[in-house]
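Presented below is the structure to which this report refers.
Numbering (full-length UniProt numbering), first residue to last: 1 to 307.
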């Protein structure tokens, strides 16, 4: 089958104009992938809402209920950085379902990509940094508890540290958290991942790719995971508003291709989520996120996964 790509029309609900979070990027990403011919709207796989019992593997039930019912305090919403709406709550639960579906498809086909996901700042009982529920932690715990995987490795290349993921999974030995992030960036108080790889400001393509390659060459043989959850954040790009690194489009493509190719060469299924990306030019941002899906399709053809 073609490369499995997961999306839902709920992903870009009505949102305040000029808000710092680019909520329309998910719809624009879908439009870009369809208009450029990588996929068709009919071929995109639509997820269900993530069941509350699965969300509760990673999150406090009281917090889940409070958010979904719109009973968040002003301080909680300030920490989140997003306004509450019923449509946004539905979108949030649906997107975790999308990452879950993507992981199941990756285990079945070797590779799958989501057109959302990577909400790694969400904590067990509170939101943070535009992240409400932590899809990476939810997926990891679901796969482990269901027996679908015995060991999960999260390879987080978003420019910001995956602090929520690290804290939720800190006592789960078979969920390995790896975070490559800009050292001097959000969050100010870092968590402790299993493997934190802090990067200096203004790092460019060649130096960044060397770190990625060396990390995978060491960690994949060490842990031999059953699946890799790859957070392909594009906020490492030189034009990102919140990044402070200097990757180009070519650097992003090389990173994504290398991660996916290295996992598949080792016989490890990989699921890609888009992670963070911030740019006032929303169409440019959507094309930047689409590099993941084009890279995945290219590597899928190399491994004949689309036959």
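Just so you know, even glycine gets a beta-carbon here, dropped at the ideal spot from N, CA and C.
Remember, it's a predicted structure, so these values are computed and weren't measured experimentally.
Residue 232 places its beta carbon 9 Å or farther from that of residue 212.
For residue 80, the closest alpha carbon among the candidates 280, 187, 277, 126 is that of 126. Here residue 134 is buried: its Cβ has 16 or more other Cβ atoms, across all protein chains shown, within 10 Å. For residue 137, the secondary structure class from DSSP, reduced to helix, strand or coil, is helix. In the DSSP annotation of this structure, the continuous segment of the beta strand (DSSP E) that includes residue 179 starts and ends at 175-182.
Setting aside the 5 residues that flank it on each side, residue 237 is surrounded in the same chain by 243, 247, 252, 288, each with a C-beta closer than 7 Å to its C-beta; the list follows chain order. In this structure, 155 is the residue among 155, 261, 301, 60 with its C-alpha nearest to the C-alpha of residue 219. Your pair residue 131 and residue 293 does not check out as a contact, with CB atoms roughly 22 Å apart and the cut at 8 Å. Judged by pairs of C-beta atoms under 8 Å, the stretch 136-151 does not touch the stretch 66-77, as fewer than three such pairs exist.
The three-state reading of DSSP puts residue 244 in coil, since its state is none of H, G, I, E or B. Distances from the alpha-carbon of residue 221 to those of 48, 263, 185 put 263 closest.
A straight line joining the alpha-carbon of residue 280 with that of residue 235 spans about 13 Å.
Taking 9 Å as the cut-off, the beta carbon of residue 55 is found no closer than this to the beta carbon of residue 6.
Taking a C-beta distance under 9 Å as the contact criterion, residue 180 and residue 206 do not qualify as a contact pair. If you look at residue 113, you'll find it in the beta strand (DSSP E) that goes 111-114.
Contact annotation: residue 12 and residue 26 have beta-carbon atoms nearer than 9 Å. Residue 192 counts as exposed, since fewer than 16 other C-beta atoms from the protein chains shown sit within 10 angstroms of its C-beta. Taking the Cα of residue 295 as reference, the smallest distance to any Cα among 278, 274, 283 is reached at 274.
Its chain contains 22, 25, 28, 234, 277, 278, 279 as the residues whose beta carbon lies nearer than 8 Å to that of residue 285, once the 5 sequence neighbours on both sides are disregarded; these appear in chain order.
Across the set 187, 162, 109, 168, the C-alpha of 162 shows the shortest separation from the C-alpha of residue 178. The C-alpha of residue 82 is placed about 16 Å away from the C-alpha of residue 63.
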